[in-house]
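Structure first, commentary second.
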Amino acid sequence: MTIEYGTRPAFPSEVRLSGLGLVLREWTEDDIPVMSELFDDPDVAYWTPLASPFDLGAARRYIEVARRSRTAGERLNLAITTDGGEAKGEILLSRVGWGAGTGSIGYAVGAAHRGRRLAVRAVQVMVEYAHSSAGLTHVYLEIENENEASVRVARAAGFGLTDAPPTVLEEKGRRLSLRTWAHTGA
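Using our numbering, you'd call the opening residue of the sequence shown number 11 and step up by one each time.
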């Protein structure tokens, strides 16, 4: 895949990935109620940039923004499922920079579905997609040191902490210091 400076190829209009006992699929309007259940959670509100409260209106807006971002070639948001049915969380892949071949992965799993390695497996499937189909040579995660659950996911999915200085930003009224984890291929 050739990426020209200043352009981003669109992600395919429909993406469905499977592997490691998971099916990662597009969000649909039918998912709006379950999205609200998954993401209207104190941990999700604290550790992610998702709206809080995450009600039905927030879910509708989120799906609209996700579709626009995919079409623009910026980000791919997929529901994490075990069978293509009920969503248990989300995995997303964002292209970073213009033509840099670099991507960032983010994820959230609903409280009722944690502890089953869904995030680890979803990250592993998305890394494979990023390298094999999205044309990305470098994939990373940005995680706060205090987010122990995400640090465990990063390590289990084959990522290592880099020496890059933390990215510091303010979001939802709090200061974040995000450390960069690079995929090591493990």
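C-beta: ideal position from N, C-alpha, C; glycine also.
Fair warning: this is a prediction, and the values are worked out from it, not measured in the lab.
Which runs of the alpha helix (DSSP H) fall wholly inside the region 32-110 and span at least 4 residues, in chain order? Annotation: the region 32-110 contains the following complete segments of the alpha helix (DSSP H) (minimum length 4 residues), in chain order: 42-49, 52-57, 66-81.
How should THR91 be labelled, buried or exposed, when 16 other C-beta atoms within 10 angstroms of its C-beta is the threshold for buried? Looking at its Cβ environment, which holds 16 or more other Cβ atoms inside 10 Å, THR91 is buried.
Close-in-space but distant-in-sequence residues of the same chain around GLN134 (CB under 8 Å, 5 per side omitted): For GLN134, where only same-chain residues beyond five positions count, the Cβ hits under 8 Å are GLY29, LEU30, ALA167, GLY168.
Do you know how far the Cα of LEU186 is from the Cα of TYR56? Approximately 11 Å, taken between the alpha carbons.
What did DSSP end up calling LEU151 once you bin it into helix, strand or coil? Reduced to three states, the DSSP call for LEU151 is strand.
Quick one: is ARG126 buried, meaning 16 or more other Cβ sit within 10 Å of its Cβ, or exposed? Exposed is the call here.
Counting pairs of Cβ atoms below 8 Å between the region 70-81 and the region 34-42, do you hit three or more? As far as the Cβ criterion goes, the region 70-81 touches the region 34-42, which means the pair count is three or higher.
Could you check if LYS182 is buried or exposed, using at least 16 other CB atoms within 10 Å of its CB as the buried criterion? Flag for LYS182 reads exposed.
Quick check on the DSSP output: the alpha helix (DSSP H) that includes HIS123 runs from which residue to which? In the DSSP annotation of this structure, HIS123 is not part of any alpha helix (DSSP H), being labelled neither H nor E.
Along the chain, where does the alpha helix (DSSP H) containing VAL161 start, and where does it finish? DSSP places VAL161 in the uninterrupted alpha helix (DSSP H) bounded by 158-166.
Residue environment, VAL178, which counts as buried when at least 16 other CB atoms sit within 10 Å: Residue burial is scored here from C-beta neighbours: VAL178 has fewer than 16 other C-beta atoms within 10 angstroms and is therefore classed as exposed.
Which word fits LEU66, buried or exposed, when buried means at least 16 other C-beta atoms lie within 10 angstroms of its C-beta? By the beta-carbon neighbour count (other beta carbons within 10 angstroms, threshold 16), LEU66 is exposed.
So the alpha helix (DSSP H) VAL130 belongs to, where does it begin and stop? Following the DSSP letters along the chain, one finds VAL130 inside the alpha helix (DSSP H) bounded by residues 128-142.
If you count every other CB in all the chains shown that lies within 10 Å of the CB of ILE101, and 16 or more means buried, which is it? By the C-beta density criterion, ILE101 is buried, having at least 16 other C-beta atoms within 10 angstroms.
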